[in-house]
Every structure is written in structure tokens, then in C-alpha cells.
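Participant: I'd like to ask some things about the structure below.
In my numbering, the protein residues as written are 383 to 561.
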């Protein structure tokens, strides 16, 4: 309730009681923890090349993938859904270009994996409403599947996942354009 009063309902939020800092948004929360608690495993890479790859991933997620995901979900006409499907496949291909496996930046779980985790889960929504799954018969599709599986089975992610059976229903208004 306190975080909702601060305007962060539905957004990952961190409250630090000794400083009073309220940080909202996955990436900002990760940066705050990395900056203030000096964990041995930084989630935002210190290496410039890896940090830039993580930033590209987040940029693609926010600027292209998210739009295509909702475009496919909201479109009612079959031709428009097909166009959105092709664009979403293109978005997944672009996202895996820097994928190193088993996580986005290699062996280290990072902010890129955290940013994508909710979308790996949301793909069940497109499967349910649009009978869509990222094709795994291509190199990029197989990488997408491997990345998704590795992130979702990671204990820290698995412990915070929503019940998949209850995940689909909230998207019903979007899939049927009741919004």
C-alpha cells in the first residue's frame, strides 16, 4: 500500500528505509542495488561491450519488441495479425543477435535477462489468443527458446513467476479490443 501511494503500483519498486529512496522500474532498481550494496555479481556489467549489449537488448525490448507484442495481440484482422507476427519474429531475431548463452551475456545472469523475463512469460498470451509461438526451426528461434528456458528456470526468476493459468485472462480485453 505504501508503494502504491508513492505512485509505483504495478511497477517493480524498491524502497530503502534508511535513505528513504524510492526507485521504480526494473533497470533502475537493479542499478540501485548494484550501486549501493556492492554484490560480488553485478547485474549491470562493468565491461563496456557487455553493458552496451545489455542496453541494446533493453532498447530493442522497449522500442520494438513490446510494440510488436501488443500490436499482434490487439489486431483483429487476420492480415494485420500476420504482419504483426512477421514483425514480432523479426524483433526476436534482433534481440538474440547479442545472445551468448546460457544467459544473454553468457554465463552471468544480467539486467538484460531481468528485463526479458516477464516477456518470456507473456508469450503464453500470444499462444493462447493468437496461436503464436516463436518458431524454433531457425538458429535465432532456437536461441530464443534456449534463452527463455534458461531465464525462466533460474531459481530467482522461477520463485517470482505468476501462475501461468492466471496469466492469460487479464489480457482478454486486449485480445478482443475491449480496451
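Idealized CB from N, CA, C, for every residue including glycine.
Quick check on residue 485: does DSSP put it in helix, strand or coil?
Facilitator: The answer is strand: DSSP assigns residue 485 an E or B state.
Participant: Thinking C-alpha only, which one of 399, 481 and 403 is nearest residue 439?
Facilitator: Per the Cα distances, 481.
Participant: Enumerate in chain order the residues of its own chain whose CB-to-CB distance from residue 540 is below 8 Å, with the five nearest sequence positions on each side excluded.
Facilitator: Cβ within range, chain order: 534.
Participant: For residue 529, which residues in the same chain have their Cβ closer than 6 Å to its Cβ, ignoring the five residues on either side in sequence?
Facilitator: Around residue 529: 481.
Participant: Tell me which same chain residues have a C-beta within less than 7 Å of the C-beta of residue 502, skipping the five on either side of it?
Facilitator: Closer than 7 Å at Cβ, skipping near neighbours: 530, 533 and 534.
Participant: Judging by CA-CA distance, which residue of 441, 517 and 500 is the nearest neighbour of residue 542?
Facilitator: The candidate whose alpha carbon is nearest that of residue 542 is 500.
Participant: Is it a yes or a no for the region 462-476 touching the region 411-423, going by three-plus beta-carbon pairs under 8 Å?
Facilitator: Contact fails: fewer than three Cβ-Cβ distances are below 8 Å.
Participant: Inspect the beta-carbon positions of residue 436 and residue 396 and report whether they are closer than 9 Å.
Facilitator: Against a cut-off of 9 Å, the Cβ pair of residue 396 and residue 436 comes out as no contact.
Participant: So, is residue 444 buried or exposed, given that buried needs 16 or more other C-beta atoms within 10 angstroms?
Facilitator: Exposed, because fewer than 16 other Cβ atoms sit within 10 Å of the Cβ of residue 444.
Participant: Quick one: give me the first and last residue of the alpha helix (DSSP H) that residue 395 is part of.
Facilitator: Unbroken run through residue 395 is the beta strand (DSSP E), 395-398; no alpha helix (DSSP H).
Participant: Does the region 455-467 touch the region 546-559, meaning 3 or more C-beta pairs lie closer than 8 Å?
Facilitator: As far as the Cβ criterion goes, the region 546-559 touches the region 455-467, which means the pair count is three or higher.
Participant: Relative to the C-alpha of residue 425, which residue among 403, 519, 547 and 494 is closest?
Facilitator: Among 403, 519, 547 and 494, the Cα nearest to that of residue 425 is on 494.
Participant: Under the rule that 16 or more other beta-carbon atoms within 10 Å means buried, what is residue 460, buried or exposed?
Facilitator: Flag for residue 460 reads exposed.
Participant: Could you tell me how far apart the beta carbons of residue 393 and residue 406 are, in whole angstroms, since I believe they sit closer than 8 Å?
Facilitator: Rounded, the Cβ-Cβ distance is 5 Å, consistent with contact.
Participant: Please name the residue, chosen from 484, 526, 550 and 419, that lies closest to residue 506 on a Cα-to-Cα basis.
Facilitator: Nearest C-alpha to residue 506: 550.
Participant: Rounded to a whole number of angstroms, what is the C-alpha to C-alpha distance between residue 448 and residue 545?
Facilitator: Their backbone Cα atoms lie some 21 Å apart in a straight line.
Participant: In angstroms with no decimal places, state the Cα-to-Cα distance between residue 509 and residue 467.
Facilitator: Near 11 Å, if we compare the C-alpha coordinates of residue 467 and residue 509.
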